[in-house]
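Colleague: Please read through the structure below; I'll follow up with questions.
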Amino acid sequence: MLRETMVKVVVNGIGTIGKRVAEALNKQDDMELYGLSDVSAGQGLITLLSPEGELHGTDLYASNKKGLEQLQEDGMHVEGLLEDQMDEGDIVGDATPPGVDEMNKENLYEPHDVKAIFQGGAADDIAEVKFNADANYDEARGEQFVKVVSCNTTSLSRTLSAVEERFGIDHATASLVRRGGDVPQDSRGPINSTIPVTDVPSHHGPDVQAVMPELDIKTLAVKVPVTYGHVHMVNLEVEGDASEEDVLEAFEEQ
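Residue numbers (this note's numbering): 4 to 257.
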């Protein structure tokens with residue numbers, strides 16, 4: 004069912020995360036993908052806006068004046084500066100690199116009183132609320148700035164919130180095997196080794212507790228030289244009886 008007024012969303016930063024956010028937004032029936040914004044034409048952006056691309060015809064804006072020059076040099080058709088569109092959109096999905104997002108908040112979003120959702124790699128203090136739609140949706144209501152927790156924390160929050168709601172959790176222990184980097188990030192991550200997180204817990208446990216404050220959880224993590232996927236090994240002590248079928252049903256109903 005369509006809303007009377009569609010929420011206009013701009014995605015700023017079309018990389019590994021921003022590309023997926025933009026594609027997902029384009030499939031919603033209560034949101035309008037108002038535009039894309041970036042500072043250069045990466046392969047993901049070029050593919051999305053090509054004549055055969057999924058988002059062909061979507062307006063492209065430059066995040067700043069230097070980016071405008073670069074995008075034009077890259078052969079992209081640019082509608083103008085993102086700053087000039089701040090009063091037209093309702094919210095920005097910011098998937099720019101850490102540090103850049105903080106400048107965007109200070110120079111664009113706050114002066115124009117525009118709401119923004121920041122991706123999981125952003126600094127913890129960029130927003131007062133860490134957010135996962137399954138675990139703490141209502142806490143984000145009315146906030147100007149929200150930070151989505153990281154991909155691993157999102158996965159843990161989604162699965163654990165389903166179990167917690169159905170059975171209750173006394174304690175959770177999770178070990179994570181993390182990919183070293185995304186496919187395009189050939190300069191990131193271990194080449195032929197394993198990098199352990201020596202702090203206990205890893206950041207994932209406290210981040211899960213940011214969206215599920217009552218949960219007792221400990222996490223450990225290592226990075227390995229692969230580019231696809233993460234592995235989670237989770238041990239739970241639940242309060243109620245839970246068969247394998249019961250747990251699978253809880254996940255299916257989530």
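From the three backbone atoms N, C-alpha and C, an ideal C-beta is built for every residue, glycine too. Every value quoted in this text rests on a predicted model; they were computed, and no experiment measured them.
1) When burial is assigned at 16 or more other CB atoms within 10 Å of the CB, is Met-106 buried or exposed?
2) Is it true that the region 81-97 meets the region 6-19, where meeting means three or more beta-carbon pairs spaced less than 8 Å apart?
3) Starting from the C-beta of Met-4, find all residues in its chain whose C-beta is less than 7 Å away, skip the five residues before and the five after it, and write them out in chain order.
4) Would Asn-155 be called buried (16 or more neighbouring beta carbons within 10 Å of its own) or exposed?
5) Looking at the structure shown, is Leu-218 part of a helix, part of a strand, or coil, going by DSSP?
6) Using a 10 Å radius around the Cβ and a threshold of 16 neighbouring Cβ atoms, would you call Thr-197 buried or exposed?
7) Using C-beta distances below 8 Å, list every residue in its chain close to Leu-58, excluding the 5 sequence neighbours before and after it, in chain order.
8) Residues in its own chain within less than 8 Å of Val-42 by CB, not counting five upstream and five downstream?
9) In terms of residue numbering, what span does the beta strand (DSSP E) encompassing Ile-172 cover?
10) Of the choices Thr-61, Lys-118 and Ala-130, whose alpha-carbon is the least far from that of Met-89?
11) Would you call the region 165-173 and the region 237-244 in contact, with 3 or more CB pairs under 8 Å?
12) Name the DSSP beta bridge partners of Ser-160, please?
13) I'd like the list of long-range same chain contacts for Val-10, defined as Cβ closer than 6 Å, with 5 residues on each side in sequence excluded.
14) Does Met-89 come out as helix, strand or coil in the three-state DSSP assignment?
15) Check for me: the alpha helix (DSSP H) holding Glu-72 runs from which residue to which?
16) Within this structure, are the beta carbons of Arg-161 and Asp-127 separated by less than 8 Å?
17) Considering only C-alpha positions, which residue in the set Glu-55, Asn-135 and Val-229 is nearest to Ser-164?
18) How would you call Leu-251, buried or exposed, if buried means at least 16 neighbouring beta carbons within 10 angstroms?
19) Determine whether the beta carbon atoms of Val-151 and Val-214 lie at a separation below 8 Å.
Modeller: Put simply:
1) The count along the sequence shown starts at 1 and reaches residue 106 at position 103. Met-106 comes out exposed.
2) Flag = yes, the region 81-97 and the region 6-19 touch.
3) As a working mapping, residue 4 is identified with position 1 in the sequence shown. Its pLDDT being 41, under 50, Met-4 is placed unreliably in this model, and the coordinates cannot settle the point.
4) Your numbering for residue 155 matches position 152 in the sequence shown. Buried, because 16 or more other Cβ atoms sit within 10 Å of the Cβ of Asn-155.
5) If you number the sequence shown from 1, residue 218 lands on position 215. If DSSP states are grouped into helix, strand and coil, Leu-218 belongs with coil.
6) Counted from its first residue, the sequence shown places residue 197 at position 194. Per the 10 Å Cβ criterion, exposed.
7) Counting from 1 along the sequence shown, the entry for residue 58 is found at position 55. Short of 8 Å from the beta carbon of Leu-58, and not among the five residues preceding or following it, lie these beta carbons of its own chain, in chain order: Ala-25, Glu-26, Asn-29, Leu-36, Leu-39, Leu-51 and Leu-52.
8) Mapped onto the sequence shown, residue 42 falls at position 39. Contacts found: Ala-65, Ser-66, Asn-67, Lys-69, Gly-70, Gln-73 and Leu-74.
9) The residue labelled residue 172 in the question sits at position 169 within the sequence shown. Counting along the chain, the beta strand (DSSP E) containing Ile-172 begins and ends at 172-182.
10) The sequence position of residue 89 within the sequence shown is 86, counting from 1. Nearest in C-alpha terms to Met-89, of all of Thr-61, Lys-118 and Ala-130, is Lys-118.
11) yes
12) As a position in the sequence shown, residue 160 is number 157, starting the count at 1. According to DSSP, which records beta bridges pairwise, Ser-160 is partnered with nothing at all.
13) Position 7 of the sequence shown, counted from the first residue, corresponds to residue 10. Excluding positions up to five away in sequence, the list reads Met-34 and Asp-93.
14) Counting from one through the sequence shown, the residue named residue 89 turns up at place 86. Coil, per DSSP.
15) In the sequence shown, the residue the question calls residue 72 occupies position 69. It spans 68-76 - the alpha helix (DSSP H) in which Glu-72 sits, taken as one unbroken run.
16) Counted from its first residue, the sequence shown places residue 161 at position 158. Counted from its first residue, the sequence shown places residue 127 at position 124. No.
17) Residue numbering aside, residue 164 sits at position 161 when the sequence shown is read from its first letter. Checked all of Glu-55, Asn-135 and Val-229; the closest Cα to Ser-164 is Asn-135.
18) Here residue 251 refers to the residue found at position 248 when the sequence shown is read from its first residue. With fewer than 16 Cβ atoms within 10 Å of its Cβ, Leu-251 is classed as exposed.
19) The residue given as residue 151 occupies position 148 in the sequence shown. The residue given as residue 214 occupies position 211 in the sequence shown. Going by C-beta atoms, Val-151 is not nearer than 8 Å to Val-214.
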